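First up is the structure itself, then whatever we jot down about it.
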């Protein structure tokens, strides 16, 4: 029996809800392509608003990490940022042209 899993963009995380995307790297700039992204699980309306507000800032932070060398297109290295109750994880996976991203809600404080 052959089974297939649905395509999931971004870094694969066992966290739901999760937003995943594969960004295209051009030099030190990143380009978001809507057909290379998806929502997995159900975000609340408040979480979706936070994602809309935070995602452009996360992209700017990833571009800054590319400029500083913290994020390297030739080496896999995870980057983690937090904003507006969301966690963004990014990694090039050494792909020389893509940055894989997952954004999900931060766990509530203990």
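Residue numbers (this note's numbering): -9 to 100. Positions of the beta carbon are idealized from the N, C-alpha and C atoms, including for glycine. All figures in this text were calculated on a predicted structure; none of them were measured in a lab.
Residue 95 counts as buried, since no fewer than 16 other beta carbons sit within 10 angstroms of its beta carbon. The bridge partners DSSP lists for residue 8 are 30. For residue 81, the enclosing beta strand (DSSP E) has its first and last residue at 76 to 81.
Excluding sequence positions up to five before and after residue 29, its CB lies within less than 6 Å of the CB of 9, all in the same chain and listed in chain order.
The beta carbon of residue 51 sits closer than 7 Å to the beta carbons of 71 from its chain, once the five residues preceding and following it are set aside; these are given in chain order.
Between the alpha carbons of residue 6 and residue 90 lies a distance of about 17 Å.
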